[in-house]
């Protein structure tokens, strides 16, 4: 090896891949199958706290009450824009290429927001408090992308 | 639970998380990895005080706390110093898929080095057919497929014509 050989700084491309399965559980499965089959969005009500949560769950996060399928209530489909952001750079871990808009929409009847894509709107036209409606996917597969995106109502 | 909910369809969603990142190799590792990638050669670094040859190369000798600066070309052959036979699958973090057992995994001291490289040993998973002291060579990816990390080493394989001294 020649002693005067120059070795520049070297960055190695690496990646880690992990396979996993998300099990939606009793309440989550009801949510996803109802979304797929009826295009309805379910939340769950805690009678004690008088709160409606999305996504539906079997335990109230405030008071730890057990919640059941009898507590499921339909929420939305329209809602109010709570906050939003324009993603201007592409990251491999993002589900879409930039630019796209993420928003949090509090569906009518729910006390918690849902994060999702916002399309069919110019970013500069958005404002907090704007009324939003979901656009359901044509081909639904019982996952959250059965709601393709939200758009202004 | 009602009878209806007993028969409820339960949803599961397969998720593949792929996290790309860059590893900045630094001054000495850059040289080591570039030589491996471009020339298929291994380089260690010798401590000026204790004279041990470290692989992979580090700037400072961990024993003497002095700067290492004498590069040493190592052989592509070495001696097996330890091994294990694995009967459980091990997940390859780059694919998320398991390597199918049984597998032999071991430490090889390349000729000229004082530290070991750990890797798969391409030998039948039979403890009569692999032994400490066995002579090994590195098997690298073809040059055009090398990317400059340790996955460029596919595995070690034994040199031909060896006989287990204990058998």
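Protein chains in written order, with my numbering: chain A, 3 to 155; chain R, 1228 to 1394. Ideal placement from N, C-alpha and C gives every residue a C-beta, glycine not left out. Since the structure is predicted, the reported quantities are computational estimates derived from the model, not experimental observations.
Restricting to Cα atoms, I'd like to know which of the options is closest to residue i.
i                      : options                        : result
residue 1282 (chain R) : R:1345, R:1314, R:1328         : R:1345
residue 124 (chain A)  : A:47, A:101, A:131, A:117      : A:101
residue 1340 (chain R) : R:1256, R:1247, R:1270         : R:1270
residue 1253 (chain R) : A:82, A:107, A:12              : A:12
residue 1385 (chain R) : R:1371, R:1320, R:1255, R:1356 : R:1356
residue 7 (chain A)    : R:1358, R:1298, R:1388, R:1369 : R:1298
residue 1302 (chain R) : R:1234, R:1268, R:1329         : R:1268
residue 95 (chain A)   : A:14, A:10, A:9, A:18          : A:18
residue 24 (chain A)   : R:1237, R:1326, R:1245         : R:1237
residue 9 (chain A)    : R:1337, R:1331, R:1343, R:1256 : R:1256
residue 1296 (chain R) : R:1264, R:1325, R:1359, R:1259 : R:1259
residue 46 (chain A)   : A:88, A:87, A:85, A:28         : A:28
residue 1310 (chain R) : R:1325, R:1294, R:1343         : R:1343
residue 92 (chain A)   : A:103, A:15, A:126             : A:103
residue 1387 (chain R) : R:1370, R:1304, R:1372         : R:1304
residue 60 (chain A)   : A:26, A:155, A:135, A:37       : A:26
residue 85 (chain A)   : A:99, A:135, A:128, A:62       : A:128
Any heavy atom of the ligand SAM closer than 8 angstroms to the Cβ of residue i?
i                      : result
residue 1393 (chain R) : This structure lacks the ligand SAM, and indeed carries no ligand of any kind.
Return the first residue and the last residue of the alpha helix (DSSP H) that residue i is part of.
i                      : result
residue 37 (chain A)   : 27–40
residue 1266 (chain R) : 1253–1266
Could you compute how far the alpha carbon of residue i sits from the alpha carbon of residue j?
i                      : j                      : result
residue 1349 (chain R) : residue 1377 (chain R) : 16 angstroms
residue 1240 (chain R) : residue 71 (chain A)   : 21 angstroms
residue 74 (chain A)   : residue 143 (chain A)  : 21 angstroms
residue 152 (chain A)  : residue 42 (chain A)   : 14 angstroms
residue 140 (chain A)  : residue 148 (chain A)  : 8 angstroms
residue 1363 (chain R) : residue 1250 (chain R) : 29 angstroms
residue 77 (chain A)   : residue 107 (chain A)  : 12 angstroms
residue 145 (chain A)  : residue 137 (chain A)  : 14 angstroms
residue 1358 (chain R) : residue 1234 (chain R) : 56 angstroms
residue 1319 (chain R) : residue 1347 (chain R) : 12 angstroms
residue 105 (chain A)  : residue 119 (chain A)  : 6 angstroms
residue 81 (chain A)   : residue 44 (chain A)   : 13 angstroms
residue 1389 (chain R) : residue 1361 (chain R) : 8 angstroms
residue 122 (chain A)  : residue 79 (chain A)   : 17 angstroms
residue 1285 (chain R) : residue 1262 (chain R) : 15 angstroms
residue 51 (chain A)   : residue 1332 (chain R) : 57 angstroms
To the nearest whole angstrom, what separates the beta carbons of residue i and residue j, a pair I think is in contact under 8 angstroms?
i                      : j                      : result
residue 1307 (chain R) : residue 1335 (chain R) : 6 angstroms
residue 1323 (chain R) : residue 117 (chain A)  : With a Cβ gap of about 26 angstroms, residue 1323 (chain R) and residue 117 (chain A) do not count as contacting.
residue 130 (chain A)  : residue 83 (chain A)   : 6 angstroms
residue 1244 (chain R) : residue 22 (chain A)   : 7 angstroms
Grab the span of the beta strand (DSSP E) containing residue i for me, first residue to last.
i                      : result
residue 135 (chain A)  : 133–138
residue 88 (chain A)   : 81–89
residue 8 (chain A)    : Counting along the chain, residue 8 (chain A) falls outside any beta strand (DSSP E), and DSSP gives it neither H nor E.
residue 102 (chain A)  : 102–109
residue 1300 (chain R) : 1297–1301
residue 118 (chain A)  : 115–120
residue 1334 (chain R) : 1330–1337
residue 1363 (chain R) : 1362–1367
residue 76 (chain A)   : 74–77
residue 1313 (chain R) : 1304–1313
residue 96 (chain A)   : Residue 96 (chain A) -> no beta strand (DSSP E), and no H or E assigned at all.
residue 44 (chain A)   : 43–48
residue 1384 (chain R) : 1380–1385
residue 1344 (chain R) : 1344–1347
residue 1374 (chain R) : Run containing residue 1374 (chain R): none; DSSP gives neither H nor E here.
With a threshold of 9 angstroms between beta carbons, is residue i in contact with chain B?
i                      : result
residue 1372 (chain R) : Absent here is chain B; the protein component of the structure consists of chains A and R.
Contact between the stretch 1260–1279 of chain R and the stretch 1311–1322 of chain R (3+ Cβ pairs under 8 angstroms): Cβ pair count under 8 angstroms is below three, so no.
Contact the stretch 111–118 of chain A vs the stretch 51–63 of chain A: 3+ CB pairs below 8 angstroms: Yes, the stretch 111–118 of chain A is in contact with the stretch 51–63 of chain A.
The stretch 1347–1362 of chain R contacting the stretch 1283–1300 of chain R, beta-carbon criterion three pairs below 8 angstroms: No contact exists between the stretch 1347–1362 of chain R and the stretch 1283–1300 of chain R.
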